[in-house]
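Participant:
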Amino acid sequence: MTEVVKPIPSTWCPGCGDFGVMAALKNSLKELKVPTEETVIVGGIGCSGGIHNFLDGYGFHSLHGRLLPTAVGVKLANPKLTVVAVGGDGDGYAIGMGHFIHTLKKNVDITYIVMNNETYGLTKGQPSPTAKVGFHGNIESPFDSVLTALSIPSAGYIARGFSGAPREAAQYVTEALRYNRERRGFAFVEILSPCVTYNDTYQLWRQQVENVEKLPGYDRSQRAKAFASVLEVKERGKIPVGQIFRVADDKGVPALDKTLLPMIERSPTTADISLEHNLTKYQKLVSSFS
Amino acid sequence: MEFFEIEKGKLNTGVGLTIAPRTGHQARPRQAMGSTPAEQVHPPLSTERVGPPVRPREPLNDISLMIGGQGGDGTLTISDLLGRYFHARGLYIYTARAVLSRIRGGHADASTRAHVDPVWSQKASQDVLVAFDEDAVKVGLKELAPGGFVLADQGSVKSEGPNIYHLPLSITAASKAGNGLYKNVVSFGSLSVMLGFDPVVARGVVEKRFGRRGGEALEANLKAFDLGREIVREAGLKTPIFTVAQGNAKDQILISGNQACALGFVVAGGRFFAGYPITPATPIMENLEKFLPQFDGIVRQAEDELAAINMAIGAAYAGARTMTATSGPGLSLMTEGMGHAGTAEVPLVIVDCQRAGPSTGEPTRHEQSDLLFVVFASHGEFPRFVLSPGYASDVFDLTVEATNLAEKWQLPVFIMLDNDESENTQSTAPFDLSKVRVDRGRLTSNEELAKMEVYKRYEFTQDGISRRSVPGMKGGVSQTTGNEHDEWGHVSVNPENRRKMMAKRMNRLELAKKDLPAPHLWGDEKARVGLIGYGSTYGPIREAQRVLKEKGVPTRFFQARTLWPVPREALTTFLESVDVAYVVENNYTGQFGRLIRQELPELAPKLRPVVKFDGLAFRAPDIVHAVRGEP
Ligand SMILES: Cc1ncc(C[n+]2csc(CCOP(=O)(O)OP(=O)(O)O)c2C)c(N)n1
Ligand code: SF4
Ligand SMILES: [Mg+2]
């Protein structure tokens, strides 16, 4: 066996919520027996974004806010890979917001995990787009990623977990990866992961989280009901968590990579690009200009 | 130190074409020529000056026709039919769009030039103007050559003059051909008589163009063509007004730089493209949308250029040969991504179809003003190669080359085109596919990895190039990052590691030199007058060389094809061989000249910048005048 790069010990503060997320992702990849060499973890920039250094598998450290287009590029070039994009709430909902919405719209078979700590951990505690009014002088109302995701018609898998409840969080990540592997489309999982150094919300969040799936008659395949339930839970001062939405098996928008590359074996990275193989077709292209 | 200084209090007044001789460090006043470029080169011709059309005895060896009207007038169809006709007559073609777009929105125009010798640029003046509205006459008349004529649409054009022929083009189309839209083919029919075209060949061109649509459409267009011929005879015009020589160009294809670039990329094994629509780069994406799916490739239109370059980086990292293409504003947005690809050592081809900037600038206008930006863009330092092809087949060749270089040297490679080169079409011999090779450099494989004891993505090697694994390869698991990193790809701020990593990357600028496209040298080997240019200035420079030679001024033209790293050795040899070298470029500050001066300060006194920044490409006389020191 060739010796390759080994995961390094994490650089997170002791007690950081990101540990729970890492444990969840590690377990899910193991449970689904994803081969290390077929795993690609695309990290954003932030404390959260360093996660690929601490895990087995191919790791790509993207630019701040650009992890989603990068991950989309990887997956479209080689649909055989299991691609997980992992970043912070600042990365995803501030500088990368446009890509978040457009990746929901594109619906490529990747899983996107956002470690939401309602702050910019790496730059030392400024308010992020999810920060509450009053946090570090924040006067803007927070943004809710789940509501945004629900409003994008192609969004088919939306969950929110809490790193204080790693077993559930792992379950959502596993479901998300399964959803990708079935070529159903993009899966979005936000995990509340407190920043113990700049915004320690463990106790508060433990009291506030409420699993929508436990609401009487909740049906996670009903988008409108999911939307109403999320709003209703929030109005009660709670944080809705759970597998909030999963499109019914017979519904949903086809995954982009499946549409573009119906046969997983034939892709931009597997194409035979030798001149000999393509010469006749190339000649035809050139002569189409005469 | 400036390449040329502007005399205090004498700010540039927006004069388009400027030569500024530079000797040493003294400030020299810039010699400004004329008042506007159009006026310098093509003096405005009032109708009186044009006079009655003179019938040249000899057929024209070089003709240019301009067609102007409202969008929907079919200006492009006429230009296309003319191109096909001249093509069939063995002439070399150069077609341009939106030559007149100075005038109000909605206006469309196109020009077709045909020449017995190869041409790569627009003619300095027009021999024929087809005008569907008054605007076209107003602007077009200024471009009309002595002896030229205007074919004007009766009813739509009011201007009169001895060289303006009013024919009922749209009226005939509407009343007799069944639809006003046929006025384009009616005009082509009329022109075919006025210019003494071979009627059978001309009719065949219409047949070939509309044949695919079959049946009724073809019938109607052929009828329109015949009607067009009829109305000239009915008007009692003495025809032909003048004629065009026959050429012996054979087996040519007609292609734009953007199309050649798209083709080159596919043939080089390019299989992934991400972009965002922007003039004049969009056609690269549109052509690839047609080509790539036939080869298991993918084209994605991203939500913006930030997404486009990062998607491209993702695909390139995954192992697909990848390109993105953009222009001005998009290039600015891609800047962070360029440095990321550079540090992470991700191979990527970035095409910059330059337009007039900054900001939104002049989206449809011509300029070569991104060079210094492309060479230096990004915070921090990383190696990159900047290539600049001069004509369609050169675009094809250098695109293949760029795609190989990117993977071989694991860095971003830029191809700089410019507006006219991107959009205009020219005749060229079909591309030579036998020369194409696919070189993937140190891309490793499962087999190679299996034999290795240790695999490190950023391993220090002799030439700084490490084996590159891609996801999916067993034994190639690695970390790729834009952070400074150690050999494993783990973040490192160790000063010694930093020094070594910087050298590993930056040394490529020296080591790759032999691998980079060499300049082409054109003209007299013994000439004492040099010309330096890149991109589409190739066309007007080559043409100017012909004229200068006739006037007893032999010249030697250094066509730079690699702009960065600056081809120091080749330039030294060249500059030592001449007394003076005119650096011809479409920008204000003489950007390539500045680079040369920076690299070769001792030879700088020989350089004479010839710049033009009015949104229009050079035409041959501009360069002839500059070299001869004429106003
Ligand atoms: C373009 C750009 N702007 C700003 C930064 C600085 N920066 C680094 S991380 C970060 C925010 C991190 O917050 P978040 O994404 O929530 O991650 P966390 O550290 O909280 O996990 C910022 C602003 C950067 N790296 N790049
Ligand atoms: S600063 Fe906050 S987010 Fe960053 S590692 Fe420490 S606890 Fe975690
Ligand atoms: Mg955060």
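As you go down the protein sequences, you meet chains V and P in turn.
Residue numbers for the first sequence follow numbering that gives the first Met the number 0, so the first one is 0 and each next one is one higher.
Residue numbers for the second sequence follow numbering that gives the first Met the number 0, so the first one is 0 and each next one is one higher.
Built from N, CA and C at the ideal position, the CB exists for glycine as well.
Computed from a predicted structure; not experimentally measured.
1) Mind listing the chain V neighbours of P:Thr571? Cutoff is C-beta to C-beta under 9 Å, in chain order.
2) If we ignore side chains and look at the alpha-carbon of each, how far apart do P:Cys260 and P:Val394 end up?
3) In terms of residues, what are the limits of the alpha helix (DSSP H) holding P:Thr76?
4) Return yes when the C-beta of V:Asn52 is under 7 Å from any heavy atom of ligand 1, and no when it is not.
5) Run down chain B in chain order and give the residues with a C-beta less than 8 Å from the C-beta of P:Met333.
6) List the whole-angstrom C-beta distance separating P:Thr278 from P:Ser326, where the pair is believed to meet the contact cut-off of C-beta under 8 Å.
7) From the DSSP output, in three-state form, read off P:Ile163 for me.
8) Could you name the residues that DSSP lists as bridge partners for P:Ser491?
9) Can you list, in chain order, the residues of its chain with a C-beta nearer than 6 Å to that of P:Leu594? Leave out the 5 residues immediately preceding and following it.
10) Using a 10 Å radius around the Cβ and a threshold of 16 neighbouring Cβ atoms, would you call P:Lys455 buried or exposed?
11) Taking only three categories from DSSP, how would you classify V:Phe99?
12) Using a Cβ cut-off of 8 Å (strictly closer), state whether V:Asn277 contacts chain P.
13) May I ask you to list, following chain order, the residues of the stretch 72 to 89 of chain V that have a beta carbon less than 7 Å from some beta carbon of chain P?
14) Using a C-beta cutoff of 8 Å, does V:Lys213 count as contacting chain P?
15) Can P:Trp119 be considered in contact with ligand 2, in the sense that its beta carbon sits closer than 7 Å to one or more heavy atoms?
16) So is the beta-carbon of V:Asn115 under 7 Å away from any non-hydrogen atom of ligand 2?
17) Report yes or no: is there a C-beta of chain P within less than 8 Å of the C-beta of V:Ser266?
18) Hey, is V:Leu316 close to ligand 1, as in C-beta under 7 Å from one of its heavy atoms?
19) Give the DSSP-derived three-state secondary structure of P:Ile62 in the structure shown.
20) Are the beta-carbon atoms of P:Pro516 and P:Leu602 separated by less than 8 Å?
21) Between P:Lys137, P:Ser255, P:Val412, which lies nearest to V:Phe288 when the distance is taken from Cα to Cα?
22) Could you give the uninterrupted runs of the alpha helix (DSSP H) lying entirely in the stretch 580 to 616 of chain P, keeping only those of 4 residues or more?
23) Just by C-beta distance, which residues in the stretch 67 to 86 of chain P are closer than 7 Å to chain V?
24) Spell out a yes or no on whether the stretch 415 to 424 of chain P and the stretch 358 to 366 of chain P are touching, meaning 3 or more CB-CB pairs, one atom from each, closer than 8 Å.
25) Which whole-angstrom value is the C-beta distance of V:Leu274 and P:Val437, which I expect to be below 8 Å?
26) Is any beta-carbon of chain V found at less than 8 Å from that of P:Ser392?
27) Is the Cβ-Cβ distance between P:Pro494 and P:Gly522 less than 8 Å?
28) V:Ser273 versus chain P: which residues are under 8 Å apart at the beta carbon?
29) Starting from P:Ser331, trace the alpha helix (DSSP H) in both directions and tell me its first and last residue.
30) With 8 Å as the threshold, decide whether the Cβ of V:Gly201 is near any Cβ in chain P.
31) What whole-angstrom Cβ distance do P:Val528 and P:Val626 have, given they're in contact under 8 Å?
32) Leaving out five residues on either side along the sequence, give the residues of the same chain with a beta carbon under 7 Å from the beta carbon of V:Arg144.
33) How many Å lie between P:Asn178 and P:Ser169 at the Cα?
34) Grab the span of the beta strand (DSSP E) containing P:His484 for me, first residue to last.
35) Note down, in chain order, each residue of its chain lying with its Cβ closer than 6 Å to the Cβ of V:Asp17, except the 5 sequence neighbours on either side.
36) What residues from chain P crowd round V:Gly97, counting only those whose CB sits closer than 7 Å?
Facilitator: The answer reads as follows:
1) Against the second sequence, residue 571 of chain P aligns to sequence position 572. In chain order: nothing, as chain V lies at least about 36 Å away.
2) Translated into positions along the second sequence, residue 260 of chain P becomes position 261. Translated into positions along the second sequence, residue 394 of chain P becomes position 395. When rounded, the distance between both Cα atoms is 6 Å.
3) Locating residue 76 of chain P in the second sequence gives position 77, counting from the first residue. Residues 74 to 87.
4) The residue labelled residue 52 of chain V in the question sits at position 53 within the first sequence. For ligand 1, not one heavy atom lies less than 7 Å from the Cβ of V:Asn52.
5) You won't find chain B in this structure, because its protein chains are V and P.
6) As a position in the second sequence, residue 278 of chain P is number 279, starting the count at 1. As a position in the second sequence, residue 326 of chain P is number 327, starting the count at 1. About 7 Å; that satisfies the 8 Å criterion.
7) Start at 1 with the first residue of the second sequence, and residue 163 of chain P comes out as number 164. Residue state, collapsed to three classes: strand.
8) In the second sequence, the residue the question calls residue 491 of chain P occupies position 492. P:Ser491 is not bridged to any residue.
9) Locating residue 594 of chain P in the second sequence gives position 595, where the first residue counts as 1. The answer, listed in chain order, is Val565.
10) Residue 455 of chain P sits at position 456 when you count from the first residue of the second sequence. Classification of P:Lys455: buried, given that the 10 Å Cβ count is 16 or more.
11) Here residue 99 of chain V refers to the residue found at position 100 when the first sequence is read from its first residue. Here V:Phe99 sits in helix by DSSP.
12) Against the first sequence, residue 277 of chain V aligns to sequence position 278. V:Asn277 counts as touching chain P.
13) Gly72, Val73, Leu75, Ala76, Asn77, Lys79, Leu80
14) Counting from one through the first sequence, the residue named residue 213 of chain V turns up at place 214. Chain P, which has no Cβ nearer than 8 Å to the Cβ of V:Lys213, makes this no.
15) Locating residue 119 of chain P in the second sequence gives position 120, counting from the first residue. No - ligand 2 has no heavy atom lying nearer than 7 Å to the Cβ of P:Trp119.
16) For the purposes of this step, residue 115 of chain V is taken as the residue at position 116 of the first sequence. No - ligand 2 has no heavy atom lying nearer than 7 Å to the Cβ of V:Asn115.
17) Looking up residue 266 of chain V in the first sequence gives position 267. Cβ-Cβ to chain P under 8 Å: yes for V:Ser266.
18) Because chain V here runs from 0 to 289, residue 316 of chain V falls outside it and cannot be looked at.
19) As a first step, residue 62 of chain P is located in the second sequence; it is residue number 63 there, counting from the start. Here P:Ile62 sits in strand by DSSP.
20) Mapped onto the second sequence, residue 516 of chain P falls at position 517. Mapped onto the second sequence, residue 602 of chain P falls at position 603. Cβ atoms of P:Pro516 and P:Leu602: not closer than 8 Å.
21) Counting from one through the first sequence, the residue named residue 288 of chain V turns up at place 289. Ranking the options by Cα distance to V:Phe288, first place goes to P:Ser255.
22) 590 to 598
23) none
24) yes
25) Sequence index remark: in the first sequence, residue 274 of chain V carries index 275 (1-based). Sequence index remark: in the second sequence, residue 437 of chain P carries index 438 (1-based). Confirmed, Cβ separation roughly 6 Å.
26) In the second sequence, counting from the first residue as 1, residue 392 of chain P sits at position 393. Judged by the 8 Å Cβ criterion, P:Ser392 is not in contact with chain V.
27) Locating residue 494 of chain P in the second sequence gives position 495, counting from the first residue. Locating residue 522 of chain P in the second sequence gives position 523, counting from the first residue. Against a cut-off of 8 Å, the Cβ pair of P:Gly522 and P:Pro494 comes out as no contact.
28) Mapped onto the first sequence, residue 273 of chain V falls at position 274. Residues of chain P passing the Cβ test: Gly268, Val437.
29) Your numbering for residue 331 of chain P matches position 332 in the second sequence. 327 to 332 is the extent of the alpha helix (DSSP H) around P:Ser331.
30) By 1-based counting over the first sequence, the position of residue 201 of chain V is 202. This sequence places Tyr at residue 201 of chain V; Gly is not what is there. Chain P contact via Cβ: absent.
31) To locate residue 528 of chain P, count along the second sequence from 1; it is residue 529. To locate residue 626 of chain P, count along the second sequence from 1; it is residue 627. Contact holds; Cβ gap of about 6 Å.
32) On the first sequence, residue 144 of chain V is found 145 positions in, with the first residue counted as 1. The sequence given here has Ser at residue 144 of chain V, not Arg. If we look at V:Ser144 and ignore the five residues flanking it on each side, its Cβ neighbours are Tyr92, Val113, Glu189.
33) Position 179 of the second sequence, counting from 1, holds the residue named residue 178 of chain P. Position 170 of the second sequence, counting from 1, holds the residue named residue 169 of chain P. Taking the straight line from one Cα to the other gives about 9 Å.
34) For the purposes of this step, residue 484 of chain P is identified with residue 485 of the second sequence, where counting begins at 1. No beta strand (DSSP E) contains P:His484, which DSSP labels as neither H nor E.
35) Against the first sequence, residue 17 of chain V aligns to sequence position 18. Excluding sequence neighbours, V:Asp17 sits near Trp11, Ser47, Met114, Ser192.
36) Position 98 of the first sequence holds residue 97 of chain V. Those are Glu302, Asp303, listed as they occur along chain P.
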